[in-house]
Every structure is written in C-alpha cells, then in structure tokens.
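Participant: I have a structure here, written as structure tokens, and I will follow up with some questions on it.
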C-alpha cells in the first residue's frame with residue numbers, strides 16, 4: 043500500500059495546511075518514500091511482543107493535588123494576537 | 007407518545023456523560039481547578055500548551071477516577087495510558103486533548119436505575135480520565151469574534167459511556183439522575199449541570215419495534231439540564247420516527263438541541279474533525295493501578311443510593327417516598343441513621359428531617375453537616391413528642407429554635423413554657439372555663455352538631471397557647487358534654 047494524492051490532501055486539510063499542486067506532488071512522493079522506509083519494521087516478527095506504550099520504563103508518575111501559582115494574566119494575553127476584557131479573541135466560531 | 011408512527015419504532019439511546027472531578031488543582035498541572043475565576047487567571051505553560059512544558063498526572067484525579075469506576079462496578083485496567091486526541095478548535099490550545107483511547111482506566115460496569123417503577127441495570131462501557139477544554143464566549147454582534155477563557159482547560163474530566171441500552175427519554179433521565187446521585191455519594195464530583203460540572207451527550211437511533219439491527223445513530227448535544235435531556239430525546243425520537251415513516255433516510259450526524267425552539271438542528275462545521283488520529287501521549291507514562299490502592303478504594307465504597315433506599319424502606323418501615331428523599335444525598339441519609347442510632351423513632355425522625363430540617367437548611371443555604379441540631383437533639387425531640395410532653399405543633403417551634411440556636415430540646419421546652427399540658431386537673435379546669443364562656447356551642451354539640459366540638463377544642467387550645475394535650479382535651483370534653 044502506498045500513499046496517494048487524496049490521502050495527502052486529506053492529511054493536509056486535517057493539519058490546516060494549504061498545498062499548491064507542486065507541493066502536493068512533491069509531498070506525495072516524499073511521504074511515500076518515508077512510509078516505504080518505515081515499512082521495513084513489518085519484516086520483524088513481533089508475535090508475542092508487548093506493544094510499547096512508552097519508551098521509558100517508568101510507570102505511575104503522579105504529583106500531589108496541590109495548587110501552584112498560575113501565570114500573571116497580562117503576560118498570557120500578550121501571547122495572543124488579540125485580547126479583550128481578559129479573553130483571548132479569535133474569529134467568531136459558529137456553533 | 008401519541009404519534010402512531012412513533013409507536014411503531016423503539017428508541018435505542020446511549021449516553022456519554024462528562025463530569026468534573028472535584029480536585030484542588032487541574033489534572034496535569036498545578037493551576038486551580040476552581041469554577042468562576044476571572045478569565046485566563048488559572049492558566050500556566052502546561053495547560054496553555056506552551057512549548058517545553060510537561061504534564062504530570064494529578065494523584066487525586068486518578069484516585070477519584072478509580073473510585074468512580076469501582077462504584078460503577080467496572081473492572082480496573084491492569085495497564086492504562088493516555089492518548090492525544092487531535093483536532094483544531096479555539097478552545098483547545100495544544101490542538102490536542104489528552105484523553106484515553108484504547109486502554110481506559112475502567113471498563114465493563116453497570117448502574118441500576120428505576121424508571122416507571124421498574125428496576126433495570128444499564129451497562130457502562132467505559133470510564134476514562136481526560137482534560138476539559140476551554141470555554142468560549144460568543145458576544146452578540148459588535149466587536150465580533152469569540153472570546154476564549156482557558157481557566158477550564160485541563161480541569162479533570164471523567165467520561166462515562168453507557169451501553170446503548172436506554173429505551174426512552176424517561177430511562178435516560180433516570181440514568182442521569184442515578185449517576186449523579188451515585189457520584190455525589192462518593193464525593194468525586196458536584197455533578198451540577200448548571201455550572202457545567204455534569205454534561206451529557208446522547209446517541210439516539212430508532213428501529214422498528216422488535217428488530218435486531220440498530221438504526222442510524224444521531225448524536226445530540228447541547229442539553230443543559232435534566233429537563234432538556236428528556237425533552238430533546240423525546241423530540242429527536244419523534245423526528246426520526248416521522249422521517250422514517252415518510253420514507254426518508256436518517257443522516258448520521260451531530261445535532262444541537264435548541265431549547266427555545268424545542269428542536270434539534272444539524273450542527274454546522276466540525277464534521278471533518280472526526281478523524282482524531284489518536285496516539286499515545288509521549289509526555290505521560292502509563293498507569294498501572296496498584297492492587298493495594300484498588301483494594302483500599304474498593305473497601306471504602308459506600309452503599310449505593312438505590313440499595314440504601316431499599317434498606318431504609320425495609321429496615322425502618324419508611325414509606326417509599328421518605329426513603330427516596332432521605333437517601334437522595336449521602337449526608338442526609340447518614341444524618342437520619344445517626345438520629346435512629348441515637349434513639350429516635352424512624353418515622354418521627356424522617357418527618358422532622360424531610361419537613362423542618364430540609365426546609366430550614368434550604369433557607370439558610372447550608373449543608374446538613376453544618377446544622378446546629380445534632381442527631382441526638384432530633385432523638386430527644388421525638389422522644390418528648392412520643393411521651394406526650396410536647397405537642398406536634400409545638401415541636402415545630404422547638405425545632406426551629408434548636409436549628410437557630412443549637413440548644414437542646416428540653417431546655418427550649420422549659421425556657422419557653424412549651425411543655426404539653428397533660429395535667430388532667432388543670433385541663434379540666436380550663437375546659438370548664440371554656441364551656442362556661444361558650445354555652446351555645448356546648449348546647450349545639452349536645453343537640454347533635456358534631457362540628458361544635460372542634461370549635462370548643464380550638465378555644466381550649468387558644469387558652470393554653472396550643473400546649474394542651476389534644477387527646478386528653480377530647481377525652482375530658484366528651485365526658486363533660488356526654
């Protein structure tokens with residue numbers, strides 16, 4: 043199975059990327075090559091091997107339920123392109 | 007349902023419920039998880055998804071999630087992990103929500119409900135832990151645009167998914183209410199729909215009555231109260247039945263309940279977002295719940311509300327209504343049992359708690375644990391009433407003062423002269439006076455007008471400021487008039 047132009051278009055849309063025709067051609071070829079390379083993993087027999095959920099051999103890392111200081115609001119709002127009355131403003135979302 | 011087309015179909019409903027867990031801090035960072043702070047004041051690099059920040063799981067949120075799972079009869083996963091659910095929306099600063107996909111913390115439980123007087127167990131598919139998204143505020147006209155408040159981002163959420171086993175709006179509402187009661191019993195959430203700490207989405211389909219195959223599933227969102235859930239589901243079932251009866255096909259879609267119009271309407275946009283591309287969150291390590299922790303939590307589980315209701319009716323001989331009211335909240339049920347343990351007669355204690363106590367608590371806006379009346383005080387008062395030392399009317403007055411001042415029943419009765427008059431000699435004297443002052447009424451009664459007796463009793467009560475023992479007054483009167 044190799045990746046087609048429709049899939050590249052779909053993935054680009056999910057990632058909110060607008061591709062030119064030239065880019066779509068180029069990325070289709072590149073992504074196909076990457077997938078081919080990764081497909082090498084399929085040659086390994088993984089019968090009886092536990093799926094890896096995390097590369098670190100750690101489990102149950104938690105923190106106590108304690109409140110720590112939050113950021114100062116003015117600084118937070120400065121990170122946003124637009125803010126108003128304590129809110130971060132975005133283009134109107136129609137529900 | 008009156009519509010004949012609806013009667014030909016049966017509804018299949020599954021509910022997806024989200025509740026806020028009552029923790030001090032958020033699920034993956036130390037920001038306060040509190041409700042109602044000024045916008046964007048409870049935020050930090052972790053919940054804003056700023057580069058380089060790392061989430062760490064809140065221990066209390068994990069415990070609450072496990073406790074809820076156990077209370078709902080679920081299996082606790084021996085191995086669980088967090089996944090990223092990827093989509094773009096302005097309320098989601100990281101562009102992914104930390105959730106759980108294929109290995110939820112808890113699965114395979116159930117909840118017993120009562121609807122239309124019948125008991126049924128509704129299966130619970132899974133219970134998992136995730137983070138909430140932010141809050142969007144849409145201002146009307148003017149500046150345009152939507153405001154984003156990230157205070158809610160990262161507040162711990164429990165997602166509880168039922169099996170599609172609910173057969174109608176009544177069962178769905180009963181399930182929701184029972185779930186709310188149950189989660190409040192273990193104290194993991196306030197489950198307040200008005201404050202958004204309990205939210206509910208529904209999957210609704212219909213099929214010809216008796217058919218095995220499921221119909222096309224429609225997701226209904228934006229139901230903001232128990233009433234709204236009932237109305238939205240009833241409307242949606244009817245809409246689907248009418249569409250099928252007219253030969254239309256049901257579209258698989260998400261619809262929003264519009265309370266004012268009383269209809270569901272297809273939700274625009276966001277459809278494409280259903281490709282969530284879940285993958286394990288590399289920032290969070292897996293959870294392997296320790297057997298000792300699970301057993302500790304299991305041992306701490308309270309009796310479920312519905313079972314407690316049954317026991318209250320059986321063991322204390324209470325009417326079904328009393329049992330339901332008393333067990334609606336765990337604190338009230340505990341209080342009632344403490345009263346009985348202190349020696350109160352169950353029905354008398356139930357009357358006082360359901361009547362005066364709950365009314366005064368509501369007026370004062372405090373929970374029962376802050377009431378100044380100790381269970382021993384209720385026991386004392388019910389004993390005084392049973393012994394005929396205080397009349398039922400005076401008991402209410404005594405209780406009000408116990409509630410306000412926290413003083414003992416006997417003390418109040420003595421101080422305010424509310425003791426019931428059960429001294430026969432004294433009562434005979436009062437009755438004599440009343441009869442002399444109202445000779446016409448006495449004559450009326452003797453002439454066969456039974457109603458006249460009530461008037462005379464009323465006069466005796468007035469003369470004794472309501473303290474006269476009514477049974478005794480009747481006895482003495484009948485003797486005097488007989």
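Residue numbers (the numbering used here), protein chains in the order written: chain R, 43 to 137; chain A, 7 to 488. C-beta: ideal position from N, C-alpha, C; glycine also.
If we count the other Cβ atoms within 10 Å of its Cβ and call it buried at 16 or more, is residue 121/A buried or exposed?
Facilitator: Taking the second chain and counting its residues from 1, one reaches residue 121/A at position 115. Counting Cβ neighbours within 10 Å, residue 121/A comes out buried, since at least 16 surround it.
Participant: Since residue 139/R meets chain A, which of its residues come closer than 7 Å, beta carbon to beta carbon?
Facilitator: The structure shown does not extend to residue 139/R, since chain R is modelled only from 43 through 137, so no value can be given for it.
Participant: Once you ignore the five residues that flank residue 87/A on each side, which residues in its own chain have a CB closer than 6 Å to its CB?
Facilitator: In the second chain, counting from the first residue as 1, residue 87/A sits at position 81. Apart from sequence neighbours up to five positions away, the residues of its chain that approach residue 87/A with a beta-carbon distance below 6 Å are 109, 286, 292, ordered along the chain.
Participant: If you measure beta-carbon to beta-carbon, which residues of the segment 80 to 108 of chain R are closer than 7 Å to chain A?
Facilitator: 95, 96, 98, 100, 101, 102, 103, 104, 105, 106, 107, 108
Participant: For residue 55/A, which residues of its own chain have a beta-carbon under 8 Å away from its beta-carbon, when the five flanking residues on both sides are left out?
Facilitator: Locating residue 55/A in the second chain gives position 49, where the first residue counts as 1. Hits under 8 Å: 99, 100, 101.
Participant: To test your reading of the DSSP string, which unbroken beta strand (DSSP E) runs of 3 or more residues are found completely within the segment 118 to 155 of chain A?
Facilitator: 124 to 137, 141 to 144, 152 to 155
Participant: Out of 412/A, 415/A, 473/A, 404/A, which one is the CA nearest neighbour of residue 426/A?
Facilitator: Against the second chain, residue 426/A aligns to sequence position 420. Closest option to residue 426/A, Cα to Cα, is 473/A.
Participant: Throw me the rounded Cβ distance for the residue 189/A and residue 206/A pair, which I believe falls under 8 Å.
Facilitator: Along the second chain, one-based indexing puts residue 189/A at 183. Along the second chain, one-based indexing puts residue 206/A at 200. About 13 Å separates the two Cβ atoms, so there is no contact after all.
Participant: Quick one: is residue 26/A near chain R, going by C-beta distance under 9 Å?
Facilitator: For this step, residue 26/A is matched to residue 20 along the second chain. Chain R contact via Cβ: absent.
Participant: Taking C-beta pairs closer than 7 Å, name the residues in chain R that residue 269/A reaches, listed in chain order.
Facilitator: Counting from 1 along the second chain, the entry for residue 269/A is found at position 263. What residue 269/A touches in chain R: nothing, since even the nearest Cβ is about 15 Å away.
Participant: Compare the beta carbon distance of residue 28/A and residue 53/A with 9 Å and say whether it is the shorter of the two.
Facilitator: Indexing the second chain from 1 puts residue 28/A at position 22. Indexing the second chain from 1 puts residue 53/A at position 47. No; because the gap between Cβ atoms is not below 9 Å, this pair is not in contact.
Participant: Give a yes or no on contact between the segment 299 to 318 of chain A and the segment 327 to 345 of chain A, applying the rule of three or more CB pairs nearer than 8 Å.
Facilitator: yes
Participant: Alpha carbon to alpha carbon, what distance is there between residue 79/A and residue 170/A?
Facilitator: Counting from one through the second chain, the residue named residue 170/A turns up at place 164. Counting from one through the second chain, the residue named residue 79/A turns up at place 73. So the alpha carbons of these two residues sit roughly 17 Å apart.
Participant: Just to confirm my understanding: we take residue 234/A, look at its own chain, exclude 5 residues before and 5 after, and list those with CB closer than 7 Å. What are they?
Facilitator: Taking the second chain and counting its residues from 1, the one referred to as residue 234/A is at position 228. Hits under 7 Å: 263, 265.
Participant: What number of angstroms, rounded off, separates the C-alpha of residue 229/A from the C-alpha of residue 128/A?
Facilitator: Here residue 229/A is taken as the residue at index 223 of the second chain, counted from 1. Here residue 128/A is taken as the residue at index 122 of the second chain, counted from 1. When rounded, the distance between both Cα atoms is 21 Å.
Participant: Between the segment 242 to 250 of chain A and the segment 207 to 224 of chain A, are three or more C-beta pairs nearer than 8 Å?
Facilitator: yes
Participant: Give the range of the beta strand (DSSP E) segment to which residue 17/A is assigned.
Facilitator: On the second chain, residue 17/A is found 11 positions in, with the first residue counted as 1. Counting along the chain, the beta strand (DSSP E) containing residue 17/A begins and ends at 15 to 26.
Participant: Just to confirm before moving on: does the CB-CB distance between residue 117/A and residue 163/A stay below 9 Å?
Facilitator: Here residue 117/A refers to the residue found at position 111 of the second chain. Here residue 163/A refers to the residue found at position 157 of the second chain. No, Cβ-Cβ distance for residue 117/A and residue 163/A is not below 9 Å.
Participant: Pairing CB atoms from the segment 476 to 483 of chain A with CB atoms from the segment 406 to 419 of chain A, are three or more of them under 8 Å?
Facilitator: Segment contact: the segment 476 to 483 of chain A against the segment 406 to 419 of chain A, fewer than three CB-CB distances shorter than 8 Å; contact not assigned.
Participant: I want to see whether chain R comes within less than 9 Å of residue 100/A, judged by CB atoms only; does it?
Facilitator: Here residue 100/A corresponds to residue number 94 of the second chain, with the count starting at 1. Not closer than 9 Å to any Cβ of chain R, the Cβ of residue 100/A fails to qualify, so no.
Participant: Whole-angstrom Cβ separation of residue 160/A and residue 35/A, contact assumed at under 8 Å?
Facilitator: Working through the second chain from its first residue, we reach residue 160/A at position 154. Working through the second chain from its first residue, we reach residue 35/A at position 29. Between residue 35/A and residue 160/A the Cβ distance is about 6 Å, and since that is below 8 Å, they are a contact.
Participant: Look at the Cβ atom of residue 384/A, then the Cβ atom of residue 350/A, and state whether they are nearer than 9 Å.
Facilitator: The sequence position of residue 384/A within the second chain is 378, counting from 1. The sequence position of residue 350/A within the second chain is 344, counting from 1. Cβ distance < 9 Å, so residue 384/A and residue 350/A count as in contact.
Participant: Please go through the same chain and pick out, in chain order, the residues whose beta-carbon is closer than 7 Å to the beta-carbon of residue 326/A, but skip the five residues on each side of it.
Facilitator: Position 320 of the second chain, counting from 1, holds the residue named residue 326/A. Hits under 7 Å: 319.
Participant: Given this structure, state the Cα-to-Cα distance separating residue 8/A from residue 133/R, to the nearest angstrom.
Facilitator: Residue 8/A sits at position 2 when you count from the first residue of the second chain. Residue 133/R sits at position 91 when you count from the first residue of the first chain. With a pLDDT of 45 at residue 8/A, under the threshold of 50, the modelled position of that residue is not reliable, and the figure given next carries that caveat. So the two alpha carbons sit approximately 45 Å from each other.
Participant: Give me, in chain order, the residues of the same chain whose beta-carbon lies closer than 7 Å to that of residue 91/A; leave out the 5 immediate sequence neighbours on both sides.
Facilitator: Position 85 of the second chain, counting from 1, holds the residue named residue 91/A. 102, 103, 105, 282, 284.
Participant: Counting only runs of 4+ residues fully inside the segment 48 to 113 of chain A, write out the alpha helix (DSSP H) ranges in chain order.
Facilitator: Qualifying alpha helix (DSSP H) stretches, in chain order: 51 to 54, 65 to 77.
Participant: Are the CB atoms of residue 18/A and residue 185/A within a distance shorter than 9 Å?
Facilitator: On the second chain, residue 185/A is found 179 positions in, with the first residue counted as 1. On the second chain, residue 18/A is found 12 positions in, with the first residue counted as 1. The answer is no: Cβ separation not under 9 Å.
Participant: For residue 96/A, return the contacting residues in chain R, with the cut-off set at a CB-CB distance below 7 Å.
Facilitator: As a position in the second chain, residue 96/A is number 90, starting the count at 1. Those within 7 Å of residue 96/A in chain R are 132, 135.
Participant: Once DSSP output is grouped into helix, strand and coil, what is the label at residue 476/A?
Facilitator: The count along the second chain starts at 1 and reaches residue 476/A at position 470. Residue state, collapsed to three classes: helix.
Participant: Which residues share a DSSP beta bridge with residue 462/A?
Facilitator: The residue labelled residue 462/A in the question sits at position 456 within the second chain. Residue 462/A pairs with nothing; no bridge assigned.
Participant: Does DSSP put residue 165/A in a helix, a strand or coil?
Facilitator: Translated into the one-based positions of the second chain, residue 165/A becomes position 159. It is a strand residue.
Participant: Looking at the unbroken beta strand (DSSP E) that takes in residue 204/A, where does it start and where does it end?
Facilitator: The sequence position of residue 204/A within the second chain is 198, counting from 1. Taken as a continuous stretch (DSSP letters only), the beta strand (DSSP E) holding residue 204/A covers 204 to 214.
Participant: Got a sec? Which residues, its chain only, sit under 6 Å from residue 221/A by beta carbon, not counting five neighbours each side?
Facilitator: The residue you call residue 221/A lines up with position 215 of the second chain. Excluding positions up to five away in sequence, the list reads 211, 212, 213.
Participant: On a CA-only basis, which of 84/A, 461/A, 179/A is nearest residue 20/A? Give me that one, please.
Facilitator: Within the second chain, the letter at position 14 stands for residue 20/A. For residue 20/A, the nearest C-alpha among the options comes from 179/A.
Participant: Return helix, strand or coil for residue 126/R, following the three-state DSSP convention.
Facilitator: Position 84 of the first chain, counting from 1, holds the residue named residue 126/R. Residue 126/R: strand per DSSP, three-state reduction.
Participant: Residue 125/R to residue 123/A, Cα distance in whole Å?
Facilitator: Here residue 125/R corresponds to residue number 83 of the first chain, with the count starting at 1. Here residue 123/A corresponds to residue number 117 of the second chain, with the count starting at 1. Taking the straight line from one Cα to the other gives about 53 Å.
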